[in-house]
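What follows is one structure encoded as structure tokens, with my remarks underneath.
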Amino acid sequence: MLDNYLTYLNFIMGKLNRFFEKQKDYIFCKRGCALCCKDAEFPYSAIEMQYLLTGFNTLEKEVRTKIEENIKNILEKKRLHDKNGQKERFVYDCPFLIDNVCSIYNYRGLVCRSFGLMALPDSKHDKVQAPFCCYKGLNYSNVMDPETDMISSKMYEKTGIKEEPASFNVSYETLTSKDIEEVFNFKFGTKKPMIDWFETERQQNPEPLKSTQN
Numbered sequence: 000m001l002d003n004y005l006t007y008l009n010f011i012m013g014k015l016n017r018f019f020e021k022q023k024d025y026i027f028c029k030r031g032c033a034l035c036c037k038d039a040e041f042p043y044s045a046i047e048m049q050y051l052l053t054g055f056n057t058l059e060k061e062v063r064t065k066i067e068e069n070i071k072n073i074l075e076k077k078r079l080h081d082k083n084g085q086k087e088r089f090v091y092d093c094p095f096l097i098d099n100v101c102s103i104y105n106y107r108g109l110v111c112r113s114f115g116l117m118a119l120p121d122s123k124h125d126k127v128q129a130p131f132c133c134y135k136g137l138n139y140s141n142v143m144d145p146e147t148d149m150i151s152s153k154m155y156e157k158t159g160i161k162e163e164p165a166s167f168n169v170s171y172e173t174l175t176s177k178d179i180e181e182v183f184n185f186k187f188g189t190k191k192p193m194i195d196w197f198e199t200e201r202q203q204n205p206e207p208l209k210s211t212q213n
């Protein structure tokens, strides 16, 4: 099934790369920014986690150790969060983020690969979803009106850009749909926040990534 997932990954990356290229005048992602890697839940399916840990195995021992420390610290924060009965969702920095750079970039999940584009509405949303970084002076900030939370035609006209700002069918729900499973003949499996995967495994194994090390 992992081979079929990789076939899908190759297919969808071809599309995503074309989307990013078409929207390049509105995309301001740069190495070391890492806003999308912080203060989030990072939804991951079972097969995405399997591939992620494949990437983990390729890392140098000192990097793996740092990641394990990050996971341990996040799990402790989550334990306190849950113990205190806080109602807001638990967010955290991705444990694979090292010095503001993704340590497993080629093995990252779909939510990471599609972030930065504007997404069309899905069953959970009734409007176009702009990346939150647009409100921090990054993607689409040159055409997004923060007061209306919509693309401004006046701002667009001022840019002089020929390619119009566009949204795409790239929500996580869409990218991990049953239709995709049927076409590419694999199952995404259970989907939950990345840290929940490590929390479950930590309950079964005190050192969740130890067994994957070379």
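Read in order, the letters of the sequence shown correspond to residues 0 to 213 in numbering that gives the first Met the number 0.
We put the beta carbon where it would ideally sit given N, CA and C, even for glycine.
Pick from 124, 43, 182 and 153 that is closest to residue 215, judged by C-alpha positions: Shown here, the chain extends from 0 to 213; a query on residue 215 therefore has no answer.
Buried or exposed by the 16-neighbour rule on C-beta atoms within 10 Å, applied to residue 149: Counting from one through the sequence shown, the residue named residue 149 turns up at place 150. Exposed.
Cβ-Cβ separation, residue 118 to residue 273 (assumed contact under 8 Å), whole Å: Coverage of the chain is limited to positions 0 through 213, which leaves residue 273 absent and any answer about it impossible.
Minimum length 3: unbroken beta strand (DSSP E) runs contained in the segment 30-98: 42-44
Per-residue DSSP class, three states only, for residue 153: Indexing the sequence shown from 1 puts residue 153 at position 154. If DSSP states are grouped into helix, strand and coil, residue 153 belongs with the helices.
Cβ-Cβ distance between residue 110 and residue 164 below 8 Å: As a working note, residue 110 is residue 111 in the sequence shown. As a working note, residue 164 is residue 165 in the sequence shown. No, the pair does not count as a contact, with Cβ atoms beyond the cut-off.
Segment limits, beta strand (DSSP E) that includes residue 191: Walking along the sequence shown from the start, residue 191 turns up at place 192. 190-192 is the extent of the beta strand (DSSP E) around residue 191.
Buried versus exposed call for residue 106 [16 or more other C-beta atoms within 10 Å across all chains shown]: Along the sequence shown, one-based indexing puts residue 106 at 107. Buried, because 16 or more other Cβ atoms sit within 10 Å of the Cβ of residue 106.
Own chain, CB closer than 6 Å to residue 144, minus 5 neighbours either side, in chain order: Position 145 of the sequence shown, counted from the first residue, corresponds to residue 144. Answer for residue 144: 151, listed in chain order.
Nearest candidate by alpha-carbon position, reference residue 60, set 35, 180, 193 and 102: Position 61 of the sequence shown holds residue 60. Here the closest residue by C-alpha is 102.
Opening and closing residue of the alpha helix (DSSP H) in which residue 0 lies: The sequence position of residue 0 within the sequence shown is 1, counting from 1. Neither: residue 0 is in no alpha helix (DSSP H) and is coded neither H nor E.
Short Cβ contact (8 Å threshold) for residue 196 with residue 0: Counting from one through the sequence shown, the residue named residue 196 turns up at place 197. Counting from one through the sequence shown, the residue named residue 0 turns up at place 1. No.
Reference residue 134, options 23, 4, 35 and 30, closest by Cα: Residue mapping note: residue 134 aligns to position 135 of the sequence shown, counting from 1. Closest by alpha carbon: 35.
Three CB pairs or more closer than 8 Å across the segment 14-30 and the segment 55-74: no
Secondary structure of residue 114, DSSP reduced to three states: Walking along the sequence shown from the start, residue 114 turns up at place 115. Looking at residue 114 - three-state DSSP - the assignment turns out to be strand.
C-alpha distance - residue 162 paired with residue 85, whole-angstrom precision: Here residue 162 corresponds to residue number 163 of the sequence shown, with the count starting at 1. Here residue 85 corresponds to residue number 86 of the sequence shown, with the count starting at 1. So the two alpha carbons sit approximately 45 Å from each other.
Among 132, 50, 38 and 124, nearest to residue 88 - alpha-carbon criterion: Indexing the sequence shown from 1 puts residue 88 at position 89. That would be 38, whose Cα lies nearest to the Cα of residue 88.
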